[in-house]
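Asker:
Residue numbers (the numbering used here), protein chains in the order written: chain A, 1 to 304; chain B, 1 to 351.
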């Protein structure tokens, strides 16, 4: 009996221990060639190969134009938001390798509500797009169906076309010299130096520049406040109220009257109405950089 | 020049007035005497001429020396026991220039209550929290320059007629339904009478800032004594160089303000009052010329003279401490530097 209880506890303990590693072994795309293109897990264009080819070609062309690896993945299977993020990051790394320059766009057509779309960026694409992920998703909202509603292949085609346009429109190809991304998992710093994308173990000095400027500004303001306060303490202060010299015993009012004259009453209408805007349903969006267990990734997600 | 010397009847050494005991004390044989006792003992010196007033005036003329500062022009009165080694305004040596006229004899005096040690401690306490004052200003050498000085003051007792006519408003508001109601009751206000102020002081010394002297008020006039030269022993004293006609505008301003405060105090409970007529007229003013005790110090820093004064009776102090901008700038720079370094390192480390 004791042995059974011990083995049961051991099993639970092992499950608890193994839980974190389950994320590591999350699914990813394997066996795809190292090239930009469209991956249709949903099978939306399985019968319309012409459209598929056309979109695939468009993505490849845009990738060549921007110097980025581009994957548009039409998902037919529901994944949680965290799984989606890991799937996108890991699939990109599996196809193109870690810290290469590119974008993985996960388009959720699983029918699950809410639909979770994800854009995973890697390499210099982190700098190009991470500040504009919300803008890209907003542009796509016009074409993409709400979760659970009917899917029109033409709308998806237009969404993918718009997506490629967005990649050109939102590309910040001259990222700031001061923009540095730190990968907590790999302990590496990614930044641009003389136009080249650099991933380094050493912290670049430029990291200190912005804190230095901010601290200098804050310290200047604090110093100025200290200066003004200190200076005010070195000014002459002190007066004596002449009321103390008034003799209460000898001061007399021979006439002291408060005569009521009249009473006025006025009224004002209280405006209780208040303007209200129409209710608008809007999608929730989240963004920012994140770190998977593989390459240095940025990106963000969006619910429809 | 003749001088008044208060000699110990026992050992003939000099007597000095002690603020702590309010007596004249001999440092050698440790005898001590009240002012009245010394007045009687020194009657030959102070009261040689029978008519009291004439005698006092002559004493004042004969036994008071008037020094004239070459540097700043200040006139400083002192009895012969005092050696004016420096002018208490500019700290330059002073020279004897003549006798003081008896018309400058004050009628009353308040003796020093605060000893030099008390004054020095009060100054040290006051300057302790001012870390940006020049180091010289805090030095013992500077502290030793604190001078006990009898400052000439004019005291004015004013009878002032006030006449006020105005309108007062009391308002209350409430809400009923969709309306907010405001009810305003209007009253005619009448105040008429006499306000009496007693003992508003104004220093008759042009060299000292009026605001500085006002700041160390009030004095307790219950301790006013008939003037005697013996109170000056061991201290500096000054004669007035601003007469009562010239101090009257200051007195009038302060008394008028007091009247307005009395009127304001009498009109209470109104949310607003609008005067239609407000007259303040001085019916009569009685004057007293007195000497009041002040521990005084001046300090010249970067071409500007900073004055510091302590009420020699109550210990109330006032003054403008000099500011060393170099010290302050260095402190601000150090604080700024520390914040910048910590912020830079902290900000850089957080990434």
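Virtual Cβ for every residue (Gly too), placed ideally from N, Cα, C.
Does residue 132/B get closer than 9 Å to chain A when you measure Cβ to Cβ?
Answerer: As a working note, residue 132/B is residue 132 in the second chain. Judged by the 9 Å Cβ criterion, residue 132/B is in contact with chain A.
Asker: Using a Cβ-Cβ distance under 9 Å, would residue 52/A count as near chain B?
Answerer: Position 52 of the first chain, counted from the first residue, corresponds to residue 52/A. Chain B contact via Cβ: absent.
Asker: Of the choices 99/A, 146/A and 132/A, whose alpha-carbon is the least far from that of residue 109/A?
Answerer: Sequence index remark: in the first chain, residue 109/A carries index 109 (1-based). Checked all of 99/A, 146/A and 132/A; the closest Cα to residue 109/A is 146/A.
Asker: Under the three-state reduction of DSSP, which class applies to residue 140/A: helix, strand or coil?
Answerer: Translated into positions along the first chain, residue 140/A becomes position 140. Correct three-state label for residue 140/A: helix.
Asker: Distance, Cα to Cα, residue 303/B vs residue 322/B?
Answerer: Translated into positions along the second chain, residue 303/B becomes position 303. Translated into positions along the second chain, residue 322/B becomes position 322. Answer to the nearest angstrom: the Cα atoms are 11 Å apart.
Asker: Compute the Euclidean distance between the alpha carbons of residue 114/B and residue 314/B, then round it to the nearest angstrom.
Answerer: Start at 1 with the first residue of the second chain, and residue 114/B comes out as number 114. Start at 1 with the first residue of the second chain, and residue 314/B comes out as number 314. About 7 Å.
Asker: My output table needs one value for residue 91/A: the three-state DSSP class, helix, strand or coil.
Answerer: Along the first chain, read from residue 1 onward, the residue named residue 91/A stands at position 91. Helix, per DSSP.
Asker: Would you mind reading off the limits of the beta strand (DSSP E) that contains residue 179/B?
Answerer: Residue mapping note: residue 179/B aligns to position 179 of the second chain, counting from 1. First-last of the beta strand (DSSP E) with residue 179/B: 179-203.
Asker: Can you determine whether any heavy atom of the ligand GTP sits closer than 8 Å to the C-beta of residue 120/B, and answer yes or no?
Answerer: Annotation note on the ligand GTP: not contained in the displayed structure, which lists no ligands.
Asker: Helix, strand or coil: how does DSSP classify residue 231/B here?
Answerer: Working through the second chain from its first residue, we reach residue 231/B at position 231. Three-state result, residue 231/B: helix.
Asker: Use the C-beta contact count for residue 293/A: other C-beta atoms within 10 angstroms, 16 or more gives buried, fewer gives exposed.
Answerer: Taking the first chain and counting its residues from 1, the one referred to as residue 293/A is at position 293. At residue 293/A, the pLDDT of 47 sits below 50, so the modelled position is not reliable; the number obtained from the coordinates is stated separately. Per the 10 Å Cβ criterion, exposed.
Asker: Which of the three DSSP states is assigned to residue 270/B in this structure?
Answerer: Position 270 of the second chain, counted from the first residue, corresponds to residue 270/B. In this structure, residue 270/B counts as coil in the three-state DSSP scheme.
Asker: Is the beta carbon of residue 104/A sitting closer than 9 Å to the one on residue 73/A?
Answerer: Position 104 of the first chain, counted from the first residue, corresponds to residue 104/A. Position 73 of the first chain, counted from the first residue, corresponds to residue 73/A. Result yes, Cβ atoms of residue 104/A and residue 73/A sit closer than 9 Å.
Asker: Count the other CB atoms within 10 Å of the CB of residue 349/B; is the residue buried (16 or more) or exposed (fewer)?
Answerer: Indexing the second chain from 1 puts residue 349/B at position 349. Residue 349/B comes out exposed.
Asker: Please classify residue 185/A as buried or exposed, where buried requires at least 16 neighbouring CB atoms within 10 angstroms.
Answerer: Locating residue 185/A in the first chain gives position 185, where the first residue counts as 1. Label assigned to residue 185/A: exposed.
Asker: Use the C-beta contact count for residue 164/A: other C-beta atoms within 10 angstroms, 16 or more gives buried, fewer gives exposed.
Answerer: Position 164 of the first chain holds residue 164/A. It is buried - the Cβ of residue 164/A has at least 16 other Cβ atoms within 10 Å.
Asker: Restricting to runs no shorter than 3 residues, where is the beta strand (DSSP E) found entirely within the stretch 144-187 of chain A?
Answerer: Complete beta strand (DSSP E) runs here, min 3: 180-183.
Asker: Check whether the Cβ of residue 238/A lies closer than 9 Å to any Cβ atom in chain B.
Answerer: Here residue 238/A refers to the residue found at position 238 of the first chain. By this cut-off, residue 238/A is an interface position.
Asker: Check whether the Cβ atoms of residue 230/A and residue 132/B sit closer than 9 Å, and answer yes or no.
Answerer: On the first chain, residue 230/A is found 230 positions in, with the first residue counted as 1. On the second chain, residue 132/B is found 132 positions in, with the first residue counted as 1. Taking 9 Å as the Cβ cut-off, residue 230/A and residue 132/B qualify as a contacting pair.
Asker: Nearest by alpha-carbon distance to residue 306/A: which of 10/B, 231/B, 198/B and 343/B is it?
Answerer: What the structure shows of chain A is the stretch from 1 to 304, and residue 306/A is not part of that stretch, so it cannot be assessed.
Asker: Please list, in chain order, the residues of the stretch 223-247 of chain A that have any C-beta partner in chain B closer than 9 Å.
Answerer: Listed by position, the residues of the stretch 223-247 of chain A near chain B (Cβ gap below 9 Å) are 223, 224, 226, 227, 230, 231, 233, 234, 235, 236, 237, 238, 239, 240, 241, 242, 243, 244, 245, 246 and 247.
Asker: Of all the CB atoms in chain B, is at least one closer than 9 Å to the CB of residue 208/A?
Answerer: The sequence position of residue 208/A within the first chain is 208, counting from 1. Yes - at least one Cβ of chain B is within 9 Å of the one on residue 208/A.
Asker: Residues of chain B with CB under 8 Å from residue 255/A, in chain order?
Answerer: The residue given as residue 255/A occupies position 255 in the first chain. Near residue 255/A (Cβ distances below 8 Å), the residues of chain B are 190, 191, 192 and 193.
Asker: In this structure, how does DSSP classify residue 245/B when only helix, strand and coil are distinguished?
Answerer: Translated into the one-based positions of the second chain, residue 245/B becomes position 245. In this structure, residue 245/B counts as helix in the three-state DSSP scheme.
Asker: With which residues is residue 289/B paired in a DSSP beta bridge?
Answerer: For this step, residue 289/B is matched to residue 289 along the second chain. In DSSP, residue 289/B forms a bridge with 154/B.
Asker: Which of the three DSSP states is assigned to residue 363/B in this structure?
Answerer: In the structure as shown, chain B begins at 1 and stops at 351. Residue 363/B is therefore absent and cannot be evaluated.
Asker: Which residues share a DSSP beta bridge with residue 165/B?
Answerer: Counting from 1 along the second chain, the entry for residue 165/B is found at position 165. Paired residue(s): 190/B and 277/B.
Asker: Return helix, strand or coil for residue 267/A, following the three-state DSSP convention.
Answerer: Reading the first chain from its first residue, position 267 is the one you call residue 267/A. It is a strand residue.
Asker: Going by beta-carbon coordinates alone, are residue 311/B and residue 219/B separated by less than 9 Å?
Answerer: As a position in the second chain, residue 311/B is number 311, starting the count at 1. As a position in the second chain, residue 219/B is number 219, starting the count at 1. Yes, these two residues count as a Cβ contact at 9 Å.
Asker: Is the shortest distance between the beta-carbon of residue 333/B and the beta-carbons of chain A less than 9 Å?
Answerer: By one-based count along the second chain, residue 333/B stands at place 333. Answer yes: the Cβ-Cβ gap between residue 333/B and chain A drops below 9 Å somewhere.
Asker: Across which residues does DSSP place residue 175/B in a beta bridge pair?
Answerer: What you label residue 175/B is simply residue 175 of the second chain in a count that begins at 1. Beta-bridge pairing links residue 175/B to 180/B.
Asker: Check the Cβ-Cβ distances between residue 212/A and every residue of chain B, and say whether any is below 9 Å.
Answerer: Counting from 1 along the first chain, the entry for residue 212/A is found at position 212. Yes, contact with chain B.
Asker: Whose C-beta lies closer than 8 Å to the C-beta of residue 190/B among residues of the same chain, with five residues either side of it excluded?
Answerer: By 1-based counting over the second chain, the position of residue 190/B is 190. Correct list, in chain order: 164 and 165.
Asker: Figure out for me which residue from 330/B, 214/B, 296/B and 32/B has the closest Cα to the Cα of residue 123/B.
Answerer: Translated into positions along the second chain, residue 123/B becomes position 123. If we check each option's Cα against that of residue 123/B, 296/B comes out closest.
Asker: At what residues does the alpha helix (DSSP H) containing residue 20/B begin and finish?
Answerer: Here residue 20/B refers to the residue found at position 20 of the second chain. Counting along the chain, residue 20/B falls outside any alpha helix (DSSP H), and DSSP gives it neither H nor E.
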